[in-house]
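Only one structure is covered here, and it is reproduced in the block below.
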């Protein structure tokens, strides 16, 4: 039997070491597999692959295949991606933004007002005035914000009293606002700054400061009848009125030896918090003091009226005629006359709404009369420390009796000595006249009441 021996050629390839497959070979190159069979490559030859559409924040996938080594991935220019119409003036000052490839800083700020002032207007009102800024691109302006304090300029603190554009929005024009403050005769410190509203919120400008003092409350005294017109800025008033004091008359046709009691002072009255508006007219009547007197006659009535409606009356004090037992009534009662040596001290006139004193054996204030006073204080505005009005007249005396009564505090006239007139009530106090002294049948003594008064408090 024959035997064949295969001898490998010395120049042949060793196919056992082939591991490449089609996916490892660039198309359309041909190679052989380990079995010697031809295979065509499937790797795509990309050459120098390039990409130039990459934008900020995006990514690109490099395709598989063979690359030549000189390809590039190029992003779009920043300028092409940051084109915008905004300018620095439209971006809030200090904030940054990109424009045409450059990082920029905004310059938009509130357009500042050009001046600011404050001045008393009337009552508790202050006139605040400012000049608007001239319109400019990148400098918005919506109006002003004004705050106040009483101990210094508040700037960003204090109490807001006004916000808005005022009376005039014209570029560069003068604008104003009138504000009502809490108190009279008070210095207020104002801080004013421009502001602008936008989508980002509210922006503020720098501060301008000014101060002003409100006017005083009005305290008015009327010693005769008249009227008063409420000025602008005042909304209420109080009033205090005193009627005229009573007078006395000791007729010479009466029995010798009699003396006269003192007359009563005018009554008082107070009203408060009456609402008014500018231009309202208050009519004031001041009661006259009674000239001499007969029983049941009185001093004149003082009154306050508004728009035809009487709001307050204060009746006059009652007069006193000779030394009868009748005691005149009013604000404060009159003192009793002294006609006998058993009671040589004529009574003092009453004060502060009290009755007068009767004649006494040992003093002018030994005993109170049973009537005469209004029973409440006659001090101004009802204030215990206020000025007294409507004092009663002191009692008169006769013959050798040495002690006529003193007039009551609040304008009451003193009693008269023998054959002398009593003292008149003081003008514009509503004080009652003092009782006349005793005399002969042919001599009369008398006294006049003091005129009334009206006080107004306008605020």
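In UniProt numbering, the protein residues as written are 1 to 459. Think of the CB as a built atom: it goes at the ideal place given N, C-alpha and C, for glycine as much as any other residue. Predicted model only: the values in this text are computed from it and were never measured.
Exercise for review: Select from 259, 315 and 104 the residue whose C-alpha is nearest the C-alpha of residue 418.
Suggested key: 259
Practice item. Tell me, please, which residues DSSP counts as bridged to residue 43. Key: 26
**Study point:** Environment of residue 204 [buried if 16+ CB atoms lie within 10 Å]
**Key:** exposed
Review point. Which residues bound the alpha helix (DSSP H) around residue 79?
Key: 78-81
Point to revise | Span of the beta strand (DSSP E), counted from its first residue to its last, around residue 250 | key: 248-250
Exercise for review: Run the CB neighbour count on residue 256, radius 10 Å, all protein chains shown included, and call it buried at 16 or more, exposed below.
Suggested key: Here the model assigns residue 256 a pLDDT of 46, short of 50, so the residue's position is not dependable and the matter cannot be decided.
Exercise for review: Please report the Cβ distance between residue 391 and residue 247, rounded to the nearest whole angstrom; I am assuming they are in contact, meaning their Cβ atoms lie under 8 Å.
Suggested key: Wrong, their Cβ atoms sit about 14 Å apart, outside the cutoff.
Practice item. Starting from the Cα of residue 250, find the closest Cα among 445, 289 and 168 and give me that residue. Key: 445
Check your understanding: Residues in its own chain within less than 6 Å of residue 433 by CB, not counting five upstream and five downstream?
Key -> 247, 248, 263, 393, 413, 422, 424, 425, 447, 448 and 449
Check your understanding: Hey, would you say residue 286 sits closer than 7 Å to residue 224, going by beta carbons?
Key -> yes
Review point. Is the beta carbon of residue 140 sitting closer than 7 Å to the one on residue 177?
Key: no
Review point. Is it true that the CB of residue 211 sits closer than 7 Å to the CB of residue 187?
Key: yes
Exercise for review: Could you spell out the range, first to last residue, of the beta strand (DSSP E) harbouring residue 212?
Suggested key: 201-213
**Study point:** Nearest-angstrom Cα separation, counted from residue 244 out to residue 273
**Key:** 25 Å
Review point. Are residue 279 and residue 122 closer than 7 Å when you measure CB to CB?
Key: no
Exercise for review: For residue 460, collect the residues of the same chain with a Cβ closer than 7 Å to its Cβ; drop the 5 residues on either side in sequence, then sort them by chain order.
Suggested key: Outside the shown range of the chain, which is 1 to 459, sits residue 460, and nothing can be said about it.
Review point. In terms of residue numbering, what span does the beta strand (DSSP E) encompassing residue 226 cover?
Key: 226-229
Point to revise | Residue from 73, 162, 330 and 277 whose Cα sits closest to the Cα of residue 58 | key: 73
Practice item. Out of 346, 385 and 333, state which residue places its alpha-carbon closest to the alpha-carbon of residue 375. Key: 333
**Study point:** Spatial distance of residue 77 from residue 18 (CA atoms)
**Key:** 48 Å
Review point. Quick one, which of 209, 129, 194 and 221 has its alpha-carbon nearest residue 179's?
Key: 129
Review point. So which of 69, 56, 65 and 37 has the shortest CA-CA distance to residue 82?
Key: 56
Review point. Among 389, 436, 415 and 400, which residue has its Cα nearest to the Cα of residue 455?
Key: 389
Review point. What's the call for residue 37, buried or exposed, on a 16-neighbour Cβ count within 10 Å?
Key: exposed
Review point. Excluding five sequence neighbours on each side, which residues of the same chain lie with their C-beta closer than 6 Å to the C-beta of residue 79?
Key: 100 and 101
Point to revise | Helix, strand or coil at residue 60 according to DSSP, with G and I counted as helix | key: coil
Point to revise | Inter-residue spacing [alpha-carbon to alpha-carbon] between residue 39 and residue 51 | key: 32 Å
Point to revise | Supposed close pair residue 302, residue 452 - CB separation, criterion 8 Å | key: 4 Å
Review point. What residues are listed by DSSP as bridge partners for residue 304?
Key: 284 and 312
Review point. Thinking just about the alpha-carbon of each residue, which of 371, 206 and 368 is nearest to the one in residue 192?
Key: 206
Practice item. Inspect the beta-carbon positions of residue 319 and residue 338 and report whether they are closer than 7 Å. Key: no
Review point. By a C-beta neighbour count over all protein chains shown, 10 Å radius and 16 as the cutoff for buried, is residue 352 buried or exposed?
Key: buried
Point to revise | When 28, 144 and 200 are compared against residue 65, the one with the closest alpha-carbon | key: 28
Check your understanding: Just the Cα atoms here: how many angstroms apart are residue 254 and residue 348?
Key -> Caution is warranted here: a pLDDT of 49 is assigned to residue 254, below 50, making its placement in the model unreliable, and no coordinate value can be reported.
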